[in-house]
Structures are given as C-alpha cells and as structure tokens.
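Q: To start, I am sharing the structure in question, which I have written as structure tokens.
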Amino acid sequence: MSNTSYPSTLDALSQIQSSTLLFAAKTECPYLRQVPVSAFLNSRPATVRYPFTPQSHLSVDVDSDEDAEQRLGENNFSTTTVVPNGTVNGDGERVASRFDNLLKSVGLEGKLKNLDKLPPKTKLSVRDIFCNRELNLSQIKAIGFDMDYTLAQYKQPAFDQLAFDGAKEKLVHKLGYPEQVLDFQYDHERWTRGLIIDTERGNFLKIDRHKYVRLAYHGMEKIDSTTRKVLYSKNFNKVESFSEKSYVNMDTLFQFVDAQLFALLVDLKDHGDYDFLDFKTYGEIYRDIRQSVDLCHRDGVIKDEVARNPEQYLVLDEGMIPMLKRYKDDGVKLFLLTNSFWEYTSTAMNYLYHGKKVDEATQRKNDWLELFDLAIAGSCKPAFMLDPYLQLFRVNMEDGSLKNTDGVFEMNALPRGAEDFLKIGKIFQGGNWQHLHKMMGIRSGDEILYVGDHLYSDVLRSKRTLGWRSLFVMPELEGEIKTFSETIPLRKQIEDLRRLRGELGRVAEEIRRTKDTEDPAVQKLLDEMEEDDSIIKSTLSPLVEQWHRSFHPIWGAMFNSGYQDSRFAFFVENYACLYTSRASNLGLVSTQKSFRTAMEMLPSDRLISDSATWLDDSNPWIVESKET
119 MSNTSYPSTL DALSQIQSST LLFAAKTECP YLRQVPVSAF LNSRPATVRY PFTPQSHLSV
179 DVDSDEDAEQ RLGENNFSTT TVVPNGTVNG DGERVASRFD NLLKSVGLEG KLKNLDKLPP
239 KTKLSVRDIF CNRELNLSQI KAIGFDMDYT LAQYKQPAFD QLAFDGAKEK LVHKLGYPEQ
299 VLDFQYDHER WTRGLIIDTE RGNFLKIDRH KYVRLAYHGM EKIDSTTRKV LYSKNFNKVE
359 SFSEKSYVNM DTLFQFVDAQ LFALLVDLKD HGDYDFLDFK TYGEIYRDIR QSVDLCHRDG
419 VIKDEVARNP EQYLVLDEGM IPMLKRYKDD GVKLFLLTNS FWEYTSTAMN YLYHGKKVDE
479 ATQRKNDWLE LFDLAIAGSC KPAFMLDPYL QLFRVNMEDG SLKNTDGVFE MNALPRGAED
539 FLKIGKIFQG GNWQHLHKMM GIRSGDEILY VGDHLYSDVL RSKRTLGWRS LFVMPELEGE
599 IKTFSETIPL RKQIEDLRRL RGELGRVAEE IRRTKDTEDP AVQKLLDEME EDDSIIKSTL
659 SPLVEQWHRS FHPIWGAMFN SGYQDSRFAF FVENYACLYT SRASNLGLVS TQKSFRTAME
719 MLPSDRLISD SATWLDDSNP WIVESKET
C-alpha cells in the first residue's frame, strides 16, 4: 500500500458523524479531547423501551467488558439512583403537533377528528399489559386463571418462611441432616426469578439469551471468571443446553425457598465436617430439598397455617373481583385451573372474594364460584396439557370427596352434552385439556387466554402444546419498570459510550484496511486509539455495574444479562403473548381491546434507523482498487 496521508481520529470521526459539541470535558482519551460527539451523547431523547422493544446498539460483543458483570456479586459498590428529567404529562403543548408532519406526509392532514383527545405525552403505567404477540380480546371465548401467585398473591417473606421452616424440620428429623440446618435463615431478597440451578455442581447461574453464563455462584460464593468459563464455556467442546434434568429453571417465586436451602447446604457440605453430607452428592441434596418442600405443600404445614390466618399471608387485590365480574358480565367464559387441591383453593378464594376470613358455613357456600363457569383443582400442570389420558374427577364441595366421571364420553352421552354435564357440578380435580375444551365449548386453543405465573407449565407448555394464548403474571415487574424508568439517563450514557467505542473501533478497522500498518505513524495512531478504547472501557464498566445494581445487588436486571437479554427475557418474549404485574390488570381493559406489538428490528435495521447513522452503499473493494 502507498504511504499517502491518512486521516486523524478527529477527521475520520468527523466524516462519519457531524456534530457541534466537544467531548473534552467528558473524557481523558488523548485523541478524543477535540472530537465532537453530540451524535453520540445527544443524538436523540431518552425514551422508555421496556423491556423487549428494539434497543439501539446492544449487539456489540461484550466479552471484553465482562469484568463489570463479574463484579455484580461484590458488596462494596454503592448504588446511585438516577431520576429522569421532565414531567410525565407535559406542559400543555398542542397534542396534534406531535403528529402534524406524519399526517401531512401520508395525506391525513385535517381528516382525523379526535386528535385533541390525546394527552400531551403517552402515559405508561406500571400496571399496563405489555404485548409480545398481537392479540384481540374480542376473539377470546374463554379466559382461564391459575390461582397461586396469579389470583392469589402472597406476602413475602412470611409465606415462604412457612415452607422454609417446614422443610428444615423434615430434612433434619426425617432425612437425618445435621442439626445445624435448623439454624439456617431465610433471605428472600437474595434471589430473583430467571436463574438456573445446576444441581450437579451446586451452582446458581444467570445466562443470556445465547446461553452464555454471565454470572455464577457456588452456594453463596461467587465463581471467578476463569472457573466459570471452564465449567460452562470451554467444557470439552460441549455446548451446554441447560435443558438437561440436572438444570432447574427458577421460573416461579415458589422456588426461592429451594434456592436458599440448596445454597446454604452446599456451603455446609463444602466447609462443614459432616460425614452425612460427605456421602451426599449435590444432586441428592437438591432432591431431598425438593421432597421436603413438596411435602410441606401436601401435609398442611403451609396451607393449614394460611387457612388459619389468611390475612397474614394472602394479599387482597381490590381490582381482582371487579375484573372477574366485568369479563363474566361481558359474556366471556371464565375458568380456574390450579394445581392446589380443592380444600385450599376454597379457603384462598373465599378470602379473596369476601375480603376477610369467613366462617365455616359461609365457606361451604363458595360464593366465589359465581364468577367462574368451571373450576379444576389438583390439575397436575403441566401434565394436564400433555397427557390426554388423565382421569377427570368430580369434587363434592361438602366434604371434598371425589367421584369418577367418564369425561368426554359422559358429556357426549348426555342430551345437551357439556351443558348437562356442568349442571351436575362444575368443580373437578385432575383431568386433561380435552375435558376443559369440551366443557368450555372450545374448538381451537387460540380461543383461550390463560393467565398464570409459571413460565414453563402456565405459559410455555400451554402455547407449545395447545396453542393457548397466554398472559404471564410477574409481581416483580412493577419494581423493574420503576427502576428502569429512574435509570434511563444512566442507561443512555452506557448506550452512547458503547456506540462511541464502536465508532472508534470502526475507524481503526478502516485504517487497518486502507493504510500501511507498518508505517510507524499509522501504528502510533492505532496504539493511541487502542488506548482510547481502554479509557472508555474503564469508564463504562462501573456504569454498567451501577445500572445492574439498581435492580438487584447480586443478579442485576431480571431481563438483562450483561448487555444482552437474559434467557428469562428470551422465553418471556417468545412464549408469553402478553405480560403484566397482576392478574387484576386485565380488568383495566375492555373485551374489545386489541394488543399490538412494536415493529421488530434486527441489529442492522436498528443501526440504519438511528438518526446518527448514514448508509454507505458503495462497494469498498472497488473504492480501494481505484485508490491503489
């Protein structure tokens, strides 16, 4: 190549981005002190894009910045909350001005009659229902609800403490675990939904949508980067799928108890001197925990106490009953489908319906059933959605006894089919999806909207197997949205710094491609640009830590892992048609509501759409050939 003059960093960046502000006050980079970068830091206003709408410039490789993610588990970082500037409702600006240019460009100027009804700014509520897949409620014939953590929300940590204490007792007194287990303390705040438990190794993982492990703990101790990569990234050329039986997804809030017990027992096994634990594998310990916690749900340790004192454990949602009544009055069929058995279902639903604990006579009436066309307890999800041979039993409300039915065959034998079948009684246990569809008069799965909190058995399985539409309930969502909103300026700084880093890298690559890298002057420039990159990286890393810690001091944002969507976010986006924080939020929309998604974009589309980007469609090989 020839030794012709080459562009400085300033010249090269100026060719790519035009701007009016200097970066001198914001950087120590020697070749950026005179670089105009308003295209990076002020190119567009910060907007809430939460959490699955297209996000700009997050497709860059992040392995080089993983130090920030690794330090998320340390406790010596102070979190600063950033509050966005500006008001929510605007200052009386003429609303139509937001759309004047658009309407003029598409020939609609002066043709719309109700623009003055629009607010100055679009209002976003933490109780909104967010859409991943378009859905028209007017096409839904039946809406089903899970009960636990869906219609019935639980007070934390009081509710979990029942399972935690009960499981400790069983581990020690029934399974022979050391007495020290009884001293374990429950920490509900330590955990977040979406983690993966590696039961064979005793590890807890947070992975991104590409199955890359970004953060890992062994028991309560953070795993260093090198060990983490050896275990999960460079494991004898084997790519972990994280779907093997040894991996458990923390898809529901019920699993926080399992996680706390497992982490504490892993530490006790590693650091204690107990022969009993020495002869137990991590996998065996986890299975013992599962057995003990499950037994607490079955033997009354949890649910008998909730029945005695529901006000201490159940959250009263003032919108739940009006929501159910609204859909019932509008002619939508409603059903309850829960894994809880009838006795506990009756107790919880009576409390939620009446707003207080009721006497035995009132409970036996089960007035809440007027809201539902059908209730199935003890449904054994996800088997309910998979096994067409599961038997359906009729429940006697008086004593909880069960009576065999012939299911679909019995319905077909009756004069008016399912209608006559339900007149005998509408409370059942067990069964399978075929019974439900027949009783609800459903011809295809997409006529059902199912509302639940379990990502696997309520959302993923119902959609994959039956084609049901789904509304995923995440109580944590309200806090995530608030934190995301408060940290928008910080997130924008991170995005813009990553963009700046990417632009510098692009210029450096152009220099390497077109100039003689053996030239000392060219090499000096490239070295200085590498130094610039290091300075930006060192500034970026603590900002990323701060942003993640704003959500959770250990695991960071629930929907992000590093700069990527977390695997949990990936599944929510791909399998939940809708998602929201409470089931009662469904009552804030009418049966005519149409949910619409934002237009989806690949990284190339996002970059092209950015106002700070221009598209060069010339052939670089031809250009280079002419220069040569």
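In this text, residue positions in the sequence shown follow my numbering: the first is 119, and each later residue adds one.
Glycine residues also receive a C-beta, built at the ideal position from the N, C-alpha and C atoms.
Just so we're clear, the structure is a prediction, and the values are computed from it rather than from any experiment.
Output the distance between the C-alpha atoms of methionine 247 and glutamate 636, rounded to the nearest integer angstrom.
A: For clarity, residue 247 is isoleucine in the given sequence; the question names methionine instead. About 58 Å.
Q: Would you call the segment 621–632 and the segment 580–595 touching, i.e. three or more CB-CB distances under 8 Å?
A: Not touching, per the Cβ criterion.
Q: Output yes if chain D places a C-beta closer than 9 Å to the C-beta of valine 357; else output no.
A: Among the protein chains of the structure shown there is no chain D, as only one such chain exists.
Q: For valine 299, which option in Gln373, Leu313, Ile407 and Asp278 has the closest C-alpha, if you only look at C-alpha atoms?
A: Of Gln373, Leu313, Ile407 and Asp278, the residue nearest in Cα terms is Ile407.
Q: Taking its Cβ as the centre, do 16 or more other Cβ atoms sit within 10 Å of leucine 720, making it buried, or is it exposed?
A: The residue in question, leucine 720, is exposed, as its Cβ has fewer than 16 Cβ neighbours within 10 Å.
Q: In whole angstroms, what is the alpha-carbon distance linking leucine 622 and threonine 657?
A: Going from the Cα of leucine 622 to the Cα of threonine 657 covers about 15 Å.
Q: Does glutamine 378 pass the burial test, meaning 16 or more other C-beta atoms within 10 Å, or should it be called exposed?
A: Buried, since its Cβ has 16 or more Cβ neighbours within 10 Å.
Q: Could you round the C-beta distance between threonine 317 and tyrosine 404 to whole angstroms and report it? I think they count as a contact, below 8 Å.
A: Correct: roughly 4 Å between the Cβ atoms.
Q: Can you list, in chain order, the residues of its chain with a C-beta nearer than 8 Å to that of threonine 807? Leave out the 5 residues immediately preceding and following it.
A: With the chain covering only 119 through 746, there is no way to say anything about residue 807.
Q: Can you find a heavy atom of the ligand MG that lies under 8 Å from the Cβ of tyrosine 697?
A: For the ligand MG, the structure offers nothing, since it holds no ligand at all.
Q: Can you look up lysine 642 in the DSSP assignment and give me helix, strand or coil?
A: Here lysine 642 sits in helix by DSSP.
Q: Restricting to Cα atoms, I'd like to know which of Leu492, Ser497 and Ala501 is closest to glutamate 537.
A: Nearest C-alpha to glutamate 537: Leu492.
Q: Near leucine 644, what residues of its chain come up, given a Cβ to Cβ distance below 8 Å and the 5 sequence neighbours on each side ignored?
A: Excluding positions up to five away in sequence, the list reads Ala626, Ile629, Arg630 and Thr635.
Q: Just curious, the beta strand (DSSP E) that phenylalanine 263 is in, first and last residue?
A: Here the beta strand (DSSP E) through phenylalanine 263 covers 260–263.
Q: Enumerate in chain order the residues of its own chain whose CB-to-CB distance from proline 469 is below 7 Å, with the five nearest sequence positions on each side excluded.
A: The identity of residue 469 in the sequence shown is tyrosine, whereas the question assumes proline. Cβ neighbours of tyrosine 469 beyond the five flanking positions: Pro428, Leu432 and Lys475.
Q: Alpha carbon to alpha carbon, how far is lysine 499 from lysine 556? Give it in angstroms, no decimals.
A: Cα to Cα, lysine 556 sits roughly 18 Å from lysine 499.
Q: Pair every Cβ in the segment 504–512 with every Cβ in the segment 543–554, then say whether three or more of these pairs are closer than 8 Å.
A: A contact exists between the segment 504–512 and the segment 543–554.
Q: Rounded to a whole number of angstroms, what is the C-alpha to C-alpha distance between isoleucine 653 and glutamate 598?
A: So the alpha carbons of these two residues sit roughly 31 Å apart.
Q: For tryptophan 732, which of Ile740, Trp739 and Asp723 has the nearest alpha-carbon?
A: The candidate whose alpha carbon is nearest that of tryptophan 732 is Asp723.
Q: Taking a contact to mean a Cβ-Cβ separation below 9 Å, would you say asparagine 321 touches isoleucine 341 in this structure?
A: Against a cut-off of 9 Å, the Cβ pair of isoleucine 341 and asparagine 321 comes out as a contact.
Q: Find the nearest neighbour of glycine 284 within the set Phe302, Gln611 and Glu307, judged by alpha-carbon distance.
A: Checking every option, the nearest Cα to that of glycine 284 belongs to Phe302.
Q: Considering only residues of the same chain and omitting the five flanking positions on each side of leucine 395, which have a CB-CB separation below 6 Å?
A: So the qualifying residues of the chain are Lys387.
Q: Since glutamine 378 is in the alpha helix (DSSP H), which residue starts that stretch and which ends it?
A: From DSSP, the alpha helix (DSSP H) with glutamine 378 extends over 373–389.
Q: Among Asn219, Thr310, Asp218 and Glu516, which one has its Cα closest to the Cα of alanine 675?
A: It is Thr310 whose Cα lies nearest to the Cα of alanine 675.
Q: Among the residues of its own chain, which have a CB less than 7 Å from the CB of serine 712, if the five just before and after it don't count?
A: So the list reads Asn254, once near-sequence residues are dropped.
Q: Output needed for glutamate 251: all residues of its chain with C-beta closer than 6 Å, excluding positions within five of it in sequence on either side, in chain order.
A: It should be noted that the sequence gives arginine, not glutamate, for residue 251. The residues are Cys695.
Q: Could you pull the start and end residues of the alpha helix (DSSP H) that glutamine 710 belongs to?
A: Note, glutamine 710: premise wrong, no alpha helix (DSSP H); not H, not E.
Q: Which of the three DSSP states is assigned to threonine 171 in this structure?
A: Because the pLDDT of threonine 171 is 40, which lies under 50, any placement of that residue in the model is unreliable, and the number read from its coordinates should be weighed accordingly. The answer is coil: DSSP assigns threonine 171 none of H, G, I, E or B.
Q: Name the two residues that bound the continuous alpha helix (DSSP H) containing aspartate 336.
A: The sequence given here has histidine at residue 336, not aspartate. No alpha helix (DSSP H) holds histidine 336; the beta strand (DSSP E) holding it covers 331–336.
Q: Between the C-alpha atoms of leucine 455 and aspartate 435, what's the straight-line distance to the nearest angstrom?
A: Looking at the two C-alpha atoms, the distance is approximately 19 Å.
Q: Would DSSP call alanine 531 helix, strand or coil?
A: Correct three-state label for alanine 531: helix.
Q: I'd like to confirm the pairing. Which residues does DSSP put opposite aspartate 266 in its beta bridges?
A: DSSP output for aspartate 266 lists Ala270 as bridge partner(s).
Q: What do you get for leucine 220, buried or exposed, if any count of 16 or more other CB atoms within 10 angstroms of its CB means buried?
A: That one is exposed.
Q: Taking buried to mean at least 16 other C-beta atoms within 10 Å of its own C-beta, is serine 361 buried or exposed?
A: Serine 361 is exposed by the Cβ-count criterion.
Q: Leucine 150 to leucine 382, Cα distance in whole Å?
A: Legend: pLDDT at leucine 150 = 48, less than 50; position of this residue unreliable, value from coordinates given subsequently. Cα to Cα, leucine 150 sits roughly 50 Å from leucine 382.
Q: Using the C-alpha atoms, what's the distance from glutamate 358 back to aspartate 517?
A: Approximately 49 Å between the Cα atoms of the pair.
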